[in-house]
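Colleague:
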Amino acid sequence: MSFLTDILRRRKKGDDHFVFLLTVTLVVLLSVFGLFPITYSPRSRERFQFSIKHLIYCMLVTILFASVYVRQMYQDYIHNQLNLQDATKLYSYMNVIVTVVNYITQMVMGRQVARMMRRVPLFSTLRVFKIDRKIIWRSVGTSLIKVIAFPLILEITLVIQQRHYEPELNWMWSLYKLYPMIISNLLNNCYYGAMIIVKAILQALNARLKNQLKEVNYMQREDQIKLTTPYYRMQKFCSLADEMDIMAEQYMIVYTHSNNYLKPQALSMILSLICHLLGMTVGFFMQYYNLADTFISGKVYDGFGALINLVFLGISLAEIVMLAHLCNDILEETSKTGRILQNIDYLHADCRYKQAIFTFSLMILNMKFRIKPLGLFELDMSLIMNVFSSMSGFLIILVQGDLWQRA
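For the sequence shown, our numbering begins at 128 and goes up steadily by one.
Set out below in structure tokens:
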């Protein structure tokens, strides 16, 4: 509650409340679902602190979740009901495993996460740039698709499937199946929301840098050089150099803290991507399997089951595409920063301004902005091709094995 109060206070001061609303929503969800063993104290210098009380709550939630869902998986295994060809059950099993891993890792890394959040100057960084509201609205709308639209689609699919196969059950049982699917993606949604903020900051930084490029290149014209005195030009370039140093500092903050934030989310992200890869592989294979049963074995085509598989397949594909597209946009913005600096004409600029450009350019060259969870692979548009190539290899093996059995 103190976190909400502090956010509302900041909103009254005129900060962009959309970003803060997104931040507080994710923090509240993490706390409620037992993935945030951290307390927020607005009166303390270290506002985010590791809390034993919150840790105990997270442990209780983890034990309760494992006693229900892991026990159910064990019961299915004992009674030979562990059907991995059912897209719903497979998706649920994988998300249960990912959720348990997320609970454990967040409790183990609680102190590290608290230190990281204390050091992130999010509010002060946002105050430096005037972020366009249209950009924020588009970003928030995209995040709402992941947070609200995808779970809603899954819930509707589960309700329809339950009414088709188990009409005697209450529709509330579909929420039982949906819960692990939501929790397993919650950390990834937090990272996605953080990267949305990073993208907005980089876009605002590049917009300000473009304005400076136009102003500096205009001052390099011969007619402008003759119209202004050397003292005025020196004063103006010193002012621009100070602004350049601020942008370089903010760029360093974005680079450092975005990489630090990736570390506690990396394992969850990799496991989630593996789940989506396996889910898509099984989904495509079941589409082939139903068609093969119809045209080779002469069985009736299970259109309803194929449609359910298609929904889960589409959600997994959309999750991968949205993550890859966002990370690729961030990398494009960072490369755009370097290109803008290269286009600045500083031939007749003051030495102080030249030094600021050299420092900023050298910093960008040395950083080499990359998004690599656990250093295994880069998150950009190549991720989509890597997923499809891996999935194609798995499908070839599965299809060949099925055809060999049918022969």
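Heads up, the beta-carbon is just placed ideally off N, CA and C, and yes, glycines get one too.
On a predicted model such as this, the values are computed, not experimentally measured, just so you know.
#1: Determine which residues share a DSSP beta bridge with T166 and list them.
#2: Express the C-alpha separation of I231 and V247 in angstroms, rounding to a whole number.
#3: How long is the line joining the alpha carbons of L271 and S488, rounded to whole angstroms?
#4: In the DSSP assignment, find the unbroken alpha helix (DSSP H) run with R497 in it and report its ends.
#5: Would you check if the segment 520 to 529 and the segment 394 to 413 touch, i.e. whether three or more CB-CB distances between them fall below 8 Å?
#6: Compute the Euclidean distance between the alpha carbons of L182 and I205, then round it to the nearest angstrom.
#7: Evaluate L530 with the Cβ neighbour count: other Cβ atoms within 10 Å of its Cβ, from every protein chain shown; 16 or more gives buried, anything less gives exposed.
#8: For the segment 331 to 360, list the alpha helix (DSSP H) runs that are entirely contained and at least 4 residues long, ordered along the chain.
#9: Can you give the Cα-Cα distance for V526 and F412, rounded to whole angstroms?
#10: What residue ranges within the segment 428 to 492 form continuous alpha helix (DSSP H) runs of no fewer than 4 residues, ordered along the chain?
#11: Using the Cβ count rule (16 or more neighbours within 10 Å means buried), how would you classify C478?
#12: Which residues in the same chain have their Cβ closer than 6 Å to the Cβ of L209, if we skip the five residues on either side of it in sequence?
#13: Would you kindly report the start and end of the unbroken alpha helix (DSSP H) that includes I309?
#14: Within a Cβ cutoff of 7 Å, which residues of the same chain sit near E460, ignoring the five residues on either side of it in sequence?
#15: K426 to Y415, Cα distance in whole Å?
#16: Work out the CA separation of A476 and R348 for me, nearest whole Å.
#17: May I have the straight-line CA-CA distance separating V235 from P391, to the nearest angstrom?
#18: Check whether the Cβ atoms of A483 and D372 sit closer than 7 Å, and answer yes or no.
#19: Please confirm whether N316 and V267 have their CB atoms less than 7 Å apart.
#20: If contacts are defined as beta-carbon pairs under 8 Å, then Y610 and A451 qualify, I think. What distance do you get, rounded to the angstrom?
#21: Measuring CA to CA, which of L314, I224, L285, Y196 is closest to V240?
#22: Going by beta carbon distance, what residues of the same chain come within less than 6 Å of N222, once the five residues before and after it are set aside?
#23: Where L468 and R497 are concerned, what is the direct C-alpha to C-alpha distance, given to the nearest angstrom?
#24: Secondary structure at E282, three-state DSSP: helix, strand or coil?
#25: Please list the terminal residues of the continuous alpha helix (DSSP H) segment that includes N229.
#26: Taking the alpha carbon of D472 as the point to measure from, which residue in S301, Y345, T189, K216 has its own alpha carbon closest?
#27: I need the straight-line Cα distance from V225 to S462, nearest angstrom please.
#28: Roughly how many angstroms lie between the CA atoms of R533 and Y428, to the nearest whole one?
#29: Nearest by alpha-carbon distance to L305: which of K353, I401, F439 is it?
#30: Rounded to a whole number of angstroms, what is the C-alpha to C-alpha distance between C365 and P357?
#31: Does S194 pass the burial test, meaning 16 or more other C-beta atoms within 10 Å, or should it be called exposed?
#32: Could you give the DSSP three-state label for Q208: helix, strand or coil?
#33: Which residues mark the beginning and the end of the alpha helix (DSSP H) in which F515 is found?
#34: When the Cα of N338 is compared with those of M374, E446, I352, which residue comes out closest?
#35: Report, in whole angstroms, the separation of the C-beta atoms of T464 and L336, which I expect to be a contact under 8 Å.
Modeller: Concretely, from the data shown:
#1: Answer is Q176, bridged to T166.
#2: Approximately 24 Å, taken between the alpha carbons.
#3: Near 36 Å, if we compare the C-alpha coordinates of S488 and L271.
#4: Where R497 is concerned, there is no enclosing alpha helix (DSSP H), given that its DSSP letter is neither H nor E.
#5: When Cβ pairs closer than 8 Å are counted between the two stretches, the segment 394 to 413 is seen to touch the segment 520 to 529, the count reaching three or more.
#6: Roughly 33 Å separates the two Cα atoms.
#7: It is exposed - the Cβ of L530 has fewer than 16 other Cβ atoms within 10 Å.
#8: For the segment 331 to 360, the full-length alpha helix (DSSP H) segments reaching 4 residues or more read 349 to 354 along the chain.
#9: Approximately 7 Å between the Cα atoms of the pair.
#10: Listed in chain order, the alpha helix (DSSP H) elements of length 4 or more contained wholly in the segment 428 to 492 are 430 to 470.
#11: The residue in question, C478, is exposed, as its Cβ has fewer than 16 Cβ neighbours within 10 Å.
#12: Excluding positions up to five away in sequence, the list reads D203.
#13: From DSSP, the alpha helix (DSSP H) with I309 extends over 300 to 311.
#14: Once the five neighbours on either side are set aside, the close Cβ partners of E460 are K326, L329, Q330, N333.
#15: So the two alpha carbons sit approximately 13 Å from each other.
#16: If you take the alpha carbons of R348 and A476, they lie about 11 Å apart.
#17: Looking at the two C-alpha atoms, the distance is approximately 10 Å.
#18: Between A483 and D372, the C-beta gap is smaller than 7 Å, which places the two residues in contact.
#19: Going by C-beta atoms, N316 is not nearer than 7 Å to V267.
#20: Past the edges of the chain, shown from 128 to 534, lies residue 610, and the structure says nothing about it.
#21: Its Cα nearest to that of V240, the residue L314 stands out among L314, I224, L285, Y196.
#22: Taking N222 as the centre and dropping the five residues before and after it, the same chain places the C-beta of P307, M308, S311 closer than 6 Å to its C-beta, in chain order.
#23: Going by the C-alpha atoms only, they are around 19 Å apart.
#24: Secondary structure of E282 (DSSP, three-state): helix.
#25: Its alpha helix (DSSP H) spans residues 214 to 235.
#26: It is Y345 whose Cα lies nearest to the Cα of D472.
#27: Answer to the nearest angstrom: the Cα atoms are 34 Å apart.
#28: The C-alpha of R533 lies about 17 Å from the C-alpha of Y428.
#29: Closest option to L305, Cα to Cα, is F439.
#30: About 12 Å.
#31: Counting Cβ neighbours within 10 Å, S194 comes out exposed, since fewer than 16 surround it.
#32: It is coil, neither helix nor strand.
#33: It spans 509 to 533 - the alpha helix (DSSP H) in which F515 sits, taken as one unbroken run.
#34: Taking only the C-alpha atoms, the option nearest N338 is M374.
#35: The Cβ separation is near 7 Å, so the contact holds.
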